[in-house]
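J.:
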Amino acid sequence: PNGYYGGNTKCFKMNDLTQSNFTQIASGGAGSSSCPTGTLQSGWYLVKLRGGKGGNSYGKNGAEGGTLQYTFFLPSTSSYQLCAGGNGGNDRAGGGGGGGSWLKLNFGGKDYYFVAGGGGGATFDSWGQTSGGGGGIGGGGGGRVSAGGRSGPYAGGGEQEGGKGLNNGANGKLNFGGAGGGGGGAGGLGGEYGGTCSAITINIINGYKTTITRTGNFGGGYKATSQYVSATSSHKSNVPNIGACGSSCAILYKLNL
Numbered sequence: 362p363n364g365y366y367g368g369n370t371k372c373f374k375m376n377d378l379t380q381s382n383f384t385q386i387a388s389g390g391a392g393s394s395s396c397p398t399g400t401l402q403s404g405w406y407l408v409k410l411r412g413g414k415g416g417n418s419y420g421k422n423g424a425e426g427g428t429l430q431y432t433f434f435l436p437s438t439s440s441y442q443l444c445a446g447g448n449g450g451n452d453r454a455g456g457g458g459g460g461g462s463w464l465k466l467n468f469g470g471k472d473y474y475f476v477a478g479g480g481g482g483a484t485f486d487s488w489g490q491t492s493g494g495g496g497g498i499g500g501g502g503g504g505r506v507s508a509g510g511r512s513g514p515y516a517g518g519g520e521q522e523g524g525k526g527l528n529n530g531a532n533g534k535l536n537f538g539g540a541g542g543g544g545g546g547a548g549g550l551g552g553e554y555g556g557t558c559s560a561i562t563i564n565i566i567n568g569y570k571t572t573i574t575r576t577g578n579f580g581g582g583y584k585a586t587s588q589y590v591s592a593t594s595s596h597k598s599n600v601p602n603i604g605a606c607g608s609s610c611a612i613l614y615k616l617n618l
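Using the working numbering, read the sequence shown as starting at 362 and increasing by one per residue.
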């Protein structure tokens with residue numbers, strides 16, 4: 362029937378699934394350069410992601426990373442890489458951006474991503490000039506003297522440096538923070554003084570079997586005076602009955618049905 366899906370002689374509705382219907386098969390360590398990799402067979406999977414938290418500054422907390430919980434159907438055998446972004450460094454002169462968390466799939470000769478961006482670092486003052494932007498498929502940008510969080514193979518930026526990623530975040534200028542890598546957020550004010558990071562276009566699995574492209578910035582940061590931009594994800598979560606994972610995580614599950 363419409364809205365139901367078959368698997369292994371069973372018929373089920375996606376919105377009725379709970380945590381007990383899935384078995385965890387991989388988990389990335391937050392901020393680790395070594396990410397789980399392997400091969401997945403065709404079937405149903407669940408990915409949970411939360412980007413790294415932005416660093417703190419002068420008692421102000423950096424922003425939380427974006428979150429994503431998504432059930433998807435993998436149409437063919439695929440390789441995967443699963444990475445959890447690290448938290449940005451803390452410093453009273455401005456926090457570093459958190460690294461992005463992501464799942465990379467490769468089948469049919471193309472890479473596909475699920476992404477939850479890292480949070481932007483807390484700012485030194487209302488102008489936001491000393492904080493780093495959060496990463497997307499990449500590390501967070503560095504604050505004025507604080508480092509951004511790593512995202513798997515992509516290093517976070519050092520002092521005022523942009524994070525590395527599928528595209529590298531720009532360095533900050535005049536004591537302004539760097540941008541996050543891989544479609545990350547702007548650091549500091551953006552524009553002339555803070556590091557900027559252009560939007561990135563990736564292939565994604567949208568819905569249960571459809572593959573499309575998505576363009577966007579996924580990391581949080583400051584774009585203009587006192588204008589804070591929250592970290593986002595590549596997809597809107599589609600599994601309301603399954604709890605979110607903890608801070609800065611990347612977990613992959615396979616459906617038991």
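Beta carbons: idealized from backbone N, C-alpha and C, even for Gly.
DSSP state of N567, grouped into three classes?
T.: DSSP places N567 in strand when its eight states are reduced to three.
J.: Hey, G544 and E522 are a contact pair by Cβ (cut 8 Å); roughly how many whole angstroms apart?
T.: Not really, about 17 Å apart at Cβ, beyond 8 Å.
J.: Inspect the beta-carbon positions of G415 and G513 and report whether they are closer than 9 Å.
T.: Going by C-beta atoms, G415 is not nearer than 9 Å to G513.
J.: Among S439, A605 and K570, which has the Cα closest to the Cα of T327?
T.: No information on residue 327 is available, as it lies outside the stretch 362 to 618 that the chain covers here.
J.: Going by DSSP in three states, N467 sits in which element: helix, strand or coil?
T.: Of the three classes helix, strand and coil, the one that applies to N467 here is strand, per DSSP.
J.: Where do the ends of the beta strand (DSSP E) carrying V408 lie?
T.: Counting along the chain, the beta strand (DSSP E) containing V408 begins and ends at G404 to R411.
J.: Between the beta-carbon of N355 and the beta-carbon of G413, is there less than 9 Å?
T.: Outside the modelled stretch of the chain, which goes from 362 to 618, sits residue 355, for which no answer is possible.
J.: I'd like the ranges of any beta strand (DSSP E) spanning at least 3 consecutive residues and lying wholly in the segment 468-536.
T.: Counting only runs of 3 or more, we get 471-477.
J.: Looking at C-alpha atoms only, which residue of C396, S395, K409 and P436 is the closest neighbour of K597?
T.: Considering only alpha carbons, the answer is K409.
J.: Since T398 is in the beta strand (DSSP E), which residue starts that stretch and which ends it?
T.: Taken as a continuous stretch (DSSP letters only), the beta strand (DSSP E) holding T398 covers T398 to L401.
J.: Can you look up S437 in the DSSP assignment and give me helix, strand or coil?
T.: In the structure shown, S437 sits in coil (DSSP, three-state: anything other than H, G, I, E or B).
J.: When you compare only the Cα positions, how much space is there between T432 and N532?
T.: Distance between the alpha carbons of T432 and N532 is about 36 Å.
J.: List the endpoints of the continuous beta strand (DSSP E) containing S608.
T.: No beta strand (DSSP E) contains S608, which DSSP labels as neither H nor E.
J.: By DSSP, does S381 sit in helix, in strand, or in coil?
T.: Helix, per DSSP.
J.: Under 9 Å, do P541 and G497 count as touching if we go by C-beta distance?
T.: Strictly speaking, residue 541 in this sequence is Gly, with Pro absent from that position. Yes; because the gap between Cβ atoms is below 9 Å, this pair is in contact.
J.: May I have the straight-line CA-CA distance separating I565 from G427, to the nearest angstrom?
T.: Near 17 Å, if we compare the C-alpha coordinates of G427 and I565.
J.: For Q442, which residues in the same chain have their Cβ closer than 6 Å to its Cβ, ignoring the five residues on either side in sequence?
T.: C396, T398 and K465.
J.: Rounded to a whole number of angstroms, what is the C-alpha to C-alpha distance between R575 and F434?
T.: Each residue's alpha carbon lies about 18 Å from the other.
J.: Buried or exposed for Y365, please, with buried defined as at least 16 other CB atoms from any protein chain shown within 10 angstroms of its CB.
T.: Label assigned to Y365: exposed.
J.: Taking Cβ positions, are Y538 and G458 nearer each other than 9 Å?
T.: Looking at the sequence shown, residue 538 is not Tyr but Gly. Yes, the Cβ-Cβ distance between G538 and G458 is below 9 Å.
J.: What do you reckon, are the CB atoms on N417 and N451 nearer than 9 Å?
T.: The answer is yes: Cβ separation under 9 Å.
J.: So, for Y515: in the same chain, excluding its five sequence neighbours on each side, which residues have a beta-carbon less than 6 Å away from its beta-carbon?
T.: Around Y515: G499, G500, K525, G526 and G542.
J.: Please name the residue in R511, Y569 and A477 whose C-alpha comes closest to that of K374.
T.: Comparing Cα-Cα distances from K374 to each of R511, Y569 and A477, the minimum goes to Y569.
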